[in-house]
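Structure, as structure tokens:
Residue numbers (this note's numbering): 929 to 1013.
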């Protein structure tokens, strides 16, 4: 995955949430553009975590871009093998 491919999805207006699938067969949903920061080789985002008696808890996740295998817009079909067009 190239940084520009991911930035293009994040910067699209109006923003449309999407899912990132990674090599370890885990997926992460990006629901707000402010929650993801794309660097030259990684993406860092904040994932909400449900915790009892907590108002807002997030965990920071950093993923190497080379491990992202696919991007999917939520509610529509896949964008293919990492292509974000």
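Ideal Cβ placement from N, Cα and C applies to all residues, glycine included. These numbers come from a predicted model, not from an experiment.
Whole-angstrom distance between residue j and residue i, CA atom to CA atom
i, j, result
"residue 995", "residue 948", "10 Å"
"residue 942", "residue 952", "30 Å"
"residue 967", "residue 1000", "20 Å"
"residue 932", "residue 954", "22 Å"
"residue 992", "residue 950", "9 Å"
"residue 1003", "residue 965", "23 Å"
Residue i vs residue j beta-carbon contact at 7 Å
i, j, result
"residue 963", "residue 946", "no"
"residue 986", "residue 976", "yes"
Cβ-based burial, residue i [other Cβ within 10 Å; buried from 16]
i, result
"residue 929", "buried"
"residue 938", "buried"
"residue 971", "buried"
"residue 958", "buried"
Element boundaries [alpha helix (DSSP H), containing residue i]
i, result
"residue 931", "931-939"
Bounding residues of the beta strand (DSSP E) (the contiguous stretch that carries residue i)
i, result
"residue 994", "Premise fails: residue 994 is in no beta strand (DSSP E) and is neither H nor E."
"residue 946", "946-950"
"residue 955", "955-958"
Close-in-space but distant-in-sequence residues of the same chain around residue i (CB under 8 Å, 5 per side omitted)
i, result
"residue 1009", "Its pLDDT being 48, under 50, residue 1009 is placed unreliably in this model, and the coordinates cannot settle the point."
"residue 969", "931, 992, 993, 994"
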